[in-house]
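What follows is one structure encoded as structure tokens, with my remarks underneath.
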Amino acid sequence: MNVAIDADGRFSGYASVFGRVDGGGDIVMPGAFRDSLRARGADRVRLLFQHDPKEPIGLWDEIVEDGFGLKVSGRLLDGVPRAASLRALIAQRAIDGLSIGFRAVRATREGRTGTRRLWAVDLWEISIVTFPMMEAARISAASDLAATLGAATKLLRTQ
């Protein structure tokens with residue numbers, strides 16, 4: 060089994076996936092994070108546990124949009140008790156959810172379904188969570204990430 064976190068507490072995955080309905084009825088559209096990331100950068104997006112502002116656990120090294128979604132790489136910090144326990148939980152695949160904290164800047168709502176399309180968001184934080192609103196928003200082992208990117212590339216080529 061590939062470990063999803065290394066000895067230094069580094070991990071990566073997707074915090075959001077484009078074009079899929081999440082548990083709250085939102086669909087994040089490609090480009091939705093562009094302006095926020097340009098203005099804020101990865102260093103000003105907080106890495107929290109369960110969206111709790113009293114639980115900062117690490118730093119984001121990279122946050123980028125690609126063709127699949129919001130790809131993130133971060134690290135848990137030494138000396139933070141919650142981070143130490145999360146390192147063990149992630150290594151054993153007991154927790155692997157990611158979730159975004161944001162403010163909608165530009166959104167449209169589909170009348171018949173009520174689905175909200177997010178065209179632009181102000182990204183404040185990304186949390187490690189037990190139950191992500193977006194089922195596909197997960198910390199990935201290296202082999203999982205390669206398989207996900209391969210599947211996304213194949214899907215895009217068939218459209």
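All you need for the working numbering is the position in the sequence shown, starting with 1, plus 59. Cβ atoms here follow ideal geometry from the backbone N, Cα and C, with glycine treated the same way.
Here Arg-97 carries a helix assignment [DSSP, helix/strand/coil].
Under the three-state reduction of DSSP output, Pro-89 falls in the coil class, being neither helix nor strand. Ser-158 sits close to Pro-191, with the two beta carbons spaced by under 8 Å. Per the coordinates, the alpha-carbon of Gly-72 lies some 17 Å from the alpha-carbon of Asp-102. DSSP places Ala-153 outside any beta strand (DSSP E), giving it a letter other than H or E. Beta-bridge partners assigned by DSSP to Leu-129: Ser-75 and Glu-124. Closest in alpha carbon position to Gly-82, among Leu-182, Glu-114 and Arg-175, is Arg-175. Distances from the alpha-carbon of Ser-132 to those of Asp-125, Val-139, Asp-120 and Ala-142 put Asp-120 closest.
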